[in-house]
Amino acid sequence: MKLDSKIPSGPMAEKWSRHKQDSKLINPKNKRKYSIIVVGSGLAGAAAAASLSELGYKVKCFCFQDSPRRAHSIAAQGGINAAKNYQNDGDSVHRLFYDTVKGGDFRAREANVHRLAEVSVNIIDQCVAQGVPFAREYGGGLANRSFGGAQVSRTFYARGQTGQQLLLGAYSALSKEIARGGVEMHTRTEMLDLVVADGETKGIITRNLVTGKVEAHAADTVLLCTGGYGNVFFLSTNAMGCNVTATWRAHRRGATFANPCYTQIHPTCIPVSGDYQSKLTLMSESLRNDGRVWVPKKAEDCGKPASQIPEADRDYFLERKYPSFGNLAPRDISSRAAKEACDDGRGVGPGGRGVYLDFSEAINEFGENVIKERYGNLFDMYERITGESAYKQPMRIYPAVHYTMGGLWVDYNLMSNLSGLHVLGEANFSDHGANRLGASALMQGLADGYFVIPTTVANYLVTQKPGAVTTAHPAFKEALEAANGRINQLLNVKGKRTVDSFHRELGLLVWDKCGMGRNRAGLEEALRRIPEIRAEFWENVLVPGSGSVANPELEKAGRVADFMEFAELLCRDALDREESCGGHFREEHQFPDGEAKRDDENFCYVSAYEYSGDLSKPILHKEPLTFEEVHLTLRSYK
Amino acid sequence: MALLNLHLKVWRQTGTQPGHFQDIEAPEIPDHASFLEMMDIVNERLIRAGQDPVAFDHDCREGICGMCSMTINGMAHGPERGTTTCQLHMRKFRTGDTIWVEPFRARAFPVVKDLMVDRSAFDRIMKAGGYVSVRTGAAPEANEIPVGKEIADAAMDAAACIGCGACVASCKNASAMLYVSAKAGQLNTLPQGHAEKDRRTLAMVRQMDAEGFGNCTNQYECEAACPKEISVRWIAKLNRDYAVASVKELVGAGRQQSQAGE
Chain A
5 MKLDSKIPSG PMAEKWSRHK QDSKLINPKN KRKYSIIVVG SGLAGAAAAA
55 SLSELGYKVK CFCFQDSPRR AHSIAAQGGI NAAKNYQNDG DSVHRLFYDT
105 VKGGDFRARE ANVHRLAEVS VNIIDQCVAQ GVPFAREYGG GLANRSFGGA
155 QVSRTFYARG QTGQQLLLGA YSALSKEIAR GGVEMHTRTE MLDLVVADGE
205 TKGIITRNLV TGKVEAHAAD TVLLCTGGYG NVFFLSTNAM GCNVTATWRA
255 HRRGATFANP CYTQIHPTCI PVSGDYQSKL TLMSESLRND GRVWVPKKAE
305 DCGKPASQIP EADRDYFLER KYPSFGNLAP RDISSRAAKE ACDDGRGVGP
355 GGRGVYLDFS EAINEFGENV IKERYGNLFD MYERITGESA YKQPMRIYPA
405 VHYTMGGLWV DYNLMSNLSG LHVLGEANFS DHGANRLGAS ALMQGLADGY
455 FVIPTTVANY LVTQKPGAVT TAHPAFKEAL EAANGRINQL LNVKGKRTVD
505 SFHRELGLLV WDKCGMGRNR AGLEEALRRI PEIRAEFWEN VLVPGSGSVA
555 NPELEKAGRV ADFMEFAELL CRDALDREES CGGHFREEHQ FPDGEAKRDD
605 ENFCYVSAYE YSGDLSKPIL HKEPLTFEEV HLTLRSYK
Chain B
2 MALLNLHLKV WRQTGTQPGH FQDIEAPEIP DHASFLEMMD IVNERLIRAG
52 QDPVAFDHDC REGICGMCSM TINGMAHGPE RGTTTCQLHM RKFRTGDTIW
102 VEPFRARAFP VVKDLMVDRS AFDRIMKAGG YVSVRTGAAP EANEIPVGKE
152 IADAAMDAAA CIGCGACVAS CKNASAMLYV SAKAGQLNTL PQGHAEKDRR
202 TLAMVRQMDA EGFGNCTNQY ECEAACPKEI SVRWIAKLNR DYAVASVKEL
252 VGAGRQQSQA GE
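If you want it as structure tokens, here you go:
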């Protein structure tokens, strides 16, 4: 298999405009003949469904939630980056491009990132026109804040709920198109499998989560906008329903999975408090604009209340280690620094897995009211969860799984190696390399949905006769039978352990061996244990009820079964990549001061795995990464 | 961390069949757990005992997706002000408490199963007019539409609505006025939404009525139950916007008729 990234020729800054110029067009009358399936209704999915419908395509959109407005993009707090340079602080498309490539530790495709930076400015225009209530200055212009990994202020925000506001904008556009009849919306419907007919992706198999009905849907192309796989760790900041099923099923049907080991651990989350815990809660990165991160210098001070530890005995470790970025060091680096401090016995709170995020200085300087205006909802959320007030004592935070940079491999058109399968947003691998900068996920989801796919999808569609394949094709029958068979299999194990108990066991193992720090021995152990847990799952899982009604346990069982398979690929990729880069930190590969040691000589490539039929023997394909614009350097934030 | 021993009375229902309360004992619940984590623990125990677990809606568990929807001790999202069920923590309860857990009840929110209800009526109201008709790519430069900070802040207050439906569940008339007024109010407040203001207001209110939501009789239970503390002054604004739009429609219709007569 040759992975052709289809990067346009020409200078970096002209590639996207040239590609738009060279892309195929379909006239309005013919567009109506093409149908497109969009799976997922988050920023990427809702934006794509609405925009493609506006162009005239017939769109079917699916989400497992009860409304498209609830997709997990909604939980993003901090903001969205755009190279508007409204602050006159030296920002530009090139600088956003450069920051993102560097932030990704030089493991992203330059051309994709440049396109992302270019369309970032259009996204803000679009969202404002939809009525997204971004924060404003008194003069009526848009306000900005700073975010990690950048020295300019380019982040647009709507209080602490930017994700919700952007998603509501996309959802309103989607609602408009549903009303017009351009989009057929299917809520409470989950994708179970992808249908590939004669080498072309032509549909999906779904289950209605209310009636249990398993159905086939055909279209001329399929867009997966199904988010990331962070819940493989069980505990993460993802919503409970986030899952890998759509992308994993596509992988099993032939789509290569790229860079699964690039997972983002967010530094500022509320620490784990007990084994009943179902998820972890993020505290926005924006808090690091005003909060200072520290631990006691001496391990024996850790038990004392923060107020009784004098200034001289505090270690503001991010400011000490990274003076030029300080508390706004990128996520992977900040997370590892917190882990190091805790490994050193200087963590605070129960179990010693926490560091302070302290606002006392900012409160003294600006007053409590200003801090309340900036972060009030986050402080309230912290108090509801922990019972503590961050106005009176520092927050305790610890890193948690938050985002996954890996995903299905796509070319410049956002098409997978599997013809006719397009992948957008967090579900693809393309823009963030080995680490994503804050406020860039919203940007990528909307870029893919609003501005990239509406242009590039035509390049595939013109090669297809509209409606050529229907659900009468044998590939649909085979996929339907397989999906029904799997449901029955899950229900008929009738073992003794609940789905959650398996998910928790798998998640703890993956977090322990393939979390913030990874090493050969640990990964090899994980690769031994995962198939054992998977085997026990299929012999001993207990799924109550039947498949013909609403059955949340059955839904979870299907998703966990896929995580069980995916986890092995994740650990295998982490083992294979003998270097440290971004969120992938191999303990064997570090500098004496603990910084990540990249190996450009041997690993400057995208790892794309093909399913071989044997879960333990994926076939590795390499897409070499070449850098024309950005000079490969040691990524330093000192 | 303390452990609580609780008695639950949980609504059980399958589709349109009549429902009933089931007594469920919930011993040894950690007080740091969230309400939904308490339900997780209860479900684990039910499954292991060979019983049907309680179905409930939930997703983000951060109080923002609006998917969770329980009426706890008669209050939508429970007793804690400005808090969704997923953010309600068990330290707010005492050992020995009896807790009543019901779905959001409203004619326009039929029960799907146990505590899950169908809130698709909200989506249909949005479909009726909850948008600005701007095509992708047709937007002007963002800063060419100046919006004063006060106006942007007011729009943001309305936009904070998470569409959970607690306002409906807490209202004795099952009125959706707080929801509709927040959704319409956000766009009606902003200059971007002005062009379609009248059309939007009429369409959303009429769809709300068609869905079977009740009338607003100014009880303000909705504001008290709203996890995002949306103010009832949005209802007053919607009433004003609706009155203006209705009059314009009447006059406009009269003018059209007279024109047709000419």
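As they're listed, the protein sequences go chains A and B. Per my numbering, residue 5 is the first one in the first sequence, and the count goes up by one each step. Per my numbering, residue 2 is the first one in the second sequence, and the count goes up by one each step. Note that CB positions come from ideal geometry on N, CA and C, so glycine has one too.
Nonlocal neighbours in the same chain, by C-beta distance under 7 Å from residue i, ignoring five residues either side
i: A:Cys265; result: Gly410, Leu574, Asp577, Ala578, Arg581, His588
i: A:Gly60; result: Pro32, Lys35, Arg36
i: A:Arg563; result: Asn247, Thr249
i: B:Ala246; result: Asp199, Thr202, Leu203
i: B:Glu263; result: Model confidence at B:Glu263 stands at a pLDDT of 46, short of 50, so the residue's coordinates are unreliable; what they give is reported in the following sentence. There are no such residues.
i: A:Ser282; result: Met244
i: A:Ser71; result: Thr191
i: B:Cys162; result: Tyr180, Ala183, Lys184, Lys229, Ile231
7 Å Cβ cutoff, residue i in contact with chain B
i: A:Met399; result: no
i: A:Met16; result: no
i: A:Thr285; result: yes
i: A:Tyr386; result: no
i: A:Tyr233; result: no
i: A:Ala71; result: For the sequence presented, residue 71 of chain A should be read as Ser rather than Ala. Yes, because at least one Cβ of chain B sits closer than 7 Å to the Cβ of A:Ser71.
i: A:Val456; result: no
i: A:Arg184; result: no
i: A:Asp129; result: yes
i: A:Gln168; result: yes
i: A:Pro275; result: no
i: A:Pro556; result: yes
i: A:Arg563; result: no
i: A:Ala79; result: yes
For residue i, the three-state DSSP class (helix, strand or coil)
i: A:Ile30; result: coil
i: B:Gln23; result: strand
i: A:Ala222; result: strand
i: A:Met419; result: strand
i: B:Cys66; result: coil
i: B:Phe123; result: helix
i: A:Ile208; result: strand
i: A:Tyr102; result: helix
i: B:Lys114; result: strand
i: B:Phe36; result: helix
i: B:Thr72; result: strand
i: B:Asn6; result: strand
i: A:Asn263; result: coil
i: B:His195; result: helix
i: B:Pro28; result: strand
i: A:Val634; result: coil
is_contact[residue i, chain A] using C-beta, thresh 7 Å
i: B:Ile25; result: no
i: B:Cys168; result: no
i: B:Val113; result: yes
i: B:Gly186; result: no
i: B:Lys128; result: yes
i: B:Asp124; result: yes
i: B:Glu142; result: yes
i: B:Glu38; result: yes
i: B:Thr96; result: no
i: B:Leu191; result: yes
i: B:Gly213; result: no
Chain-order list of residues whose beta-carbon lies under 6 Å from that of residue i (same chain, five-residue window excluded)
i: A:Trp515; result: Phe237
i: A:Gly349; result: Ala303
i: A:Val43; result: Phe66, Met195, Leu228, Thr230, Ala250
i: A:Val497; result: Val545
Neighbour list for residue i in chain A, Cβ cutoff strictly below 7 Å
i: B:Tyr132; result: Ser176, Ala177, Ser179, Lys180
Proximal residues of chain A, C-beta to C-beta of residue i below 8 Å
i: B:Ala156; result: Gly135, Pro137
Closer than 7 Å at the beta carbon, the chain B residues around residue i
i: A:Arg149; result: Simply none; closest approach about 15 Å.
i: A:Met244; result: His59, Asp60, Arg62
Note down, one range per segment and in chain order, each beta strand (DSSP E) of at least 3 residues found wholly within the segment 269 to 307 of chain A.
296 to 300
Against chain C: residues of the segment 42 to 71 of chain B by CB proximity under 7 Å:
This model lacks chain C altogether; the protein chains it does include are A and B.
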